[in-house]
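Numbering (the working numbering), first residue to last: 17 to 653. Positions of the beta carbon are idealized from the N, C-alpha and C atoms, including for glycine.
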Ligand code: WTA
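This is how it looks when you write it as structure tokens:
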């Protein structure tokens, strides 16, 4: 069956866009009426966008799992919902039909209920990229618990910060996960994290790798034993809990420019409509196609385009446990050919790293099944775009460059595959419902084309962030106060002569390393925990593969005898406190950091030095310590 709200032509894009702006209530009511509701909404758009308190479909009730699973059973029960490609290419593929997904999600919902998890409780998930992660996410949603997935690369400290902030009652994890040639212990990291978490009563452990783990009696339970008990008890289907449209569906922690990561909260109904609408339109998904999003479910891309988008559309989603370069750099292409993938959605950093492996890994790969390519997570440079287009797309496939954020729930600015025009390195045009505006530093809206400014969104859209968990003021301050009445993205952007948008990167103190958001303050705080460190400053610099690398300037309290050992210790500290993804690529020891007279570190100067543009620093005479700049320039790595 054709999706009634899938845009079919450029002309329709223009008319739908206009309708979505002129009469959003009717536009979104039409779309929302295609979903399964327990009770119809009263108000399509409500709340107070200007204060970061939008509401969508208020008065309506539903359960997202009925939309992602139950409603597909009548016609497509035997269709694959999830295809799982394990880390080891020799291991067996798992095919999970919609019927099987229904059974497994329901069983696990019973397990959660048995352990006292109720609507509104928080459950943290720290697992590898295995089908049980998607099943656990959906089981939480089925009983109305709020899931919070923690990326498997985060450290015990990062986990406990998140678990404590969310006051999670339950953790779901694995003994360990495979990642290329490595085995990553997960349960033992959870054990460390839980030493400082008092809210957690239950830990459910999926045995995946057969790693020896420590099980705490009365707290820790084996997934498979719990599920088999439910099967023996023949508990059957689990009635999907009725959720208000605005009830939180999940919390996902993300880095900002200050302090600890914040818990971005998404709602049940608005998020569902947005994830689905953007999935169907951007990728132009057709029934029976196979969608392969290479992200991890620990990030928003995995939430929206591995789980909720494809499943709500009745699609088949491919989950891959491993990494693109193991056992060799042809792994993605093997997977594409093995399963006849239709849509490949990946990140510029993966493209650049595969590009660096040359063309040999592409030999004997047909890639004929591919229809649409996508990228997400960071600006894509022209060289990577061209390589993707030529060698993977064979100069014939559309590439969708999708700009969005954890906070936006789904894609905001992107071409629609084969429908609206593409332009290398441009996300191009906004989706229906999205009003992008560029603002200058004084808060003036820049009208017309060929302008650059800070990117804001001027009107509420269904997938908008609802709050930051436990602290709405932080949400207001971070996103809705820089420019009155608008959502500020933190990104710089230009609009070309044709009105197409190109995202140029973050304008705040957030780095984008291999598509992962990392707050400079977070890394500095971690480095400063090293007992010998007096102060540090982190900036980004252009990195060939990662997009941005992390450059650390560090003041050490004593004379340095062995810089290398010290650097290793600092890296270890960062790994322990945040995770390996936040490890600086370069560390330079400096005697002082350039500061303003009010004591603020002048990152602009440090950035220029790290970028190799110290000749473009400009006037430093107003600094408190201009002499520090010269010393830093001398010692640059
Ligand atoms: C960046 C990922 C350029 C941007 C979905 C944004 C992009 C941040 C693109 C959000 C793109 C994402 N072009 N930049 N197509 N997509 N970004 O929250 O800086 O992990 O603010 O969400 O990634 O990262 P997040």
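Quick one: give me the first and last residue of the beta strand (DSSP E) that residue i is part of.
| i | result |
| --- | --- |
| residue 230 | It is not in any beta strand (DSSP E) - residue 230 carries neither H nor E in the DSSP assignment. |
| residue 335 | 332-336 |
| residue 455 | 452-455 |
| residue 61 | 59-64 |
| residue 138 | 138-142 |
| residue 643 | Per DSSP, residue 643 belongs to no beta strand (DSSP E); it is in the alpha helix (DSSP H), 643-650. |
| residue 163 | 162-165 |
Using the DSSP secondary-structure output, state which residues sit across from residue i in a beta bridge.
| i | result |
| --- | --- |
| residue 148 | DSSP lists no partner for residue 148. |
| residue 511 | 467 and 517 |
| residue 389 | 360 and 415 |
| residue 278 | 270 |
| residue 130 | None, per the DSSP bridge assignment. |
| residue 195 | 198 |
| residue 568 | 554 and 603 |
| residue 528 | 533 |
| residue 189 | 142 and 221 |
| residue 472 | 453 and 504 |
| residue 259 | 78 |
| residue 69 | 64 |
| residue 96 | 113 |
| residue 306 | 332 |
| residue 236 | 219 |
| residue 283 | 264 |
For residue i and residue j, what's the separation of their Cα atoms in angstroms?
| i | j | result |
| --- | --- | --- |
| residue 155 | residue 611 | 51 Å |
| residue 639 | residue 613 | 6 Å |
| residue 650 | residue 626 | 12 Å |
| residue 567 | residue 606 | 12 Å |
| residue 105 | residue 396 | 29 Å |
| residue 314 | residue 49 | 30 Å |
| residue 455 | residue 483 | 24 Å |
| residue 376 | residue 601 | 28 Å |
| residue 264 | residue 467 | 37 Å |
| residue 162 | residue 137 | 6 Å |
| residue 691 | residue 34 | Since the first residue shown for the chain is 17 and the last is 653, residue 691 is missing from the structure and cannot be characterised. |
| residue 407 | residue 357 | 16 Å |
| residue 423 | residue 576 | 43 Å |
| residue 66 | residue 266 | 22 Å |
| residue 516 | residue 430 | 10 Å |
| residue 109 | residue 471 | 43 Å |
| residue 307 | residue 584 | 41 Å |
| residue 369 | residue 341 | 9 Å |
| residue 115 | residue 90 | 10 Å |
| residue 159 | residue 284 | 12 Å |
| residue 420 | residue 427 | 5 Å |
| residue 582 | residue 447 | 49 Å |
| residue 532 | residue 64 | 30 Å |
Less than 8 Å between the C-beta atoms of residue i and residue j, yes or no?
| i | j | result |
| --- | --- | --- |
| residue 98 | residue 333 | yes |
| residue 309 | residue 361 | yes |
| residue 199 | residue 219 | no |
| residue 579 | residue 539 | no |
| residue 453 | residue 502 | yes |
| residue 85 | residue 118 | yes |
| residue 70 | residue 497 | no |
| residue 165 | residue 141 | yes |
| residue 485 | residue 279 | yes |
| residue 492 | residue 542 | no |
| residue 111 | residue 96 | yes |
| residue 508 | residue 520 | yes |
| residue 186 | residue 131 | yes |
| residue 320 | residue 168 | no |
| residue 586 | residue 559 | no |
| residue 390 | residue 195 | no |
| residue 394 | residue 443 | no |
| residue 52 | residue 82 | yes |
| residue 604 | residue 652 | yes |
Between which two residues does the alpha helix (DSSP H) containing residue i stretch?
| i | result |
| --- | --- |
| residue 581 | 579-593 |
| residue 239 | 239-248 |
| residue 218 | Note, residue 218: premise wrong, no alpha helix (DSSP H); beta strand (DSSP E) at 218-222. |
| residue 400 | 398-403 |
| residue 328 | 325-328 |
| residue 179 | 172-182 |
| residue 40 | 40-48 |
| residue 626 | 619-626 |
| residue 654 | Outside the modelled stretch of the chain, which goes from 17 to 653, sits residue 654, for which no answer is possible. |
- Task: Output the residues surrounding the ligand WTA, defined as those with a CB atom closer than 7 Å to any ligand heavy atom, in chain order.
- Result: Here the list is 270, 315, 316, 317, 391, 392, 393, 394, 395, 396, 417, 418, 419, 420, 421, 422, 423, 443, 505, 506, 507, 519, 521, 522, 528, 531, 532 and 533.
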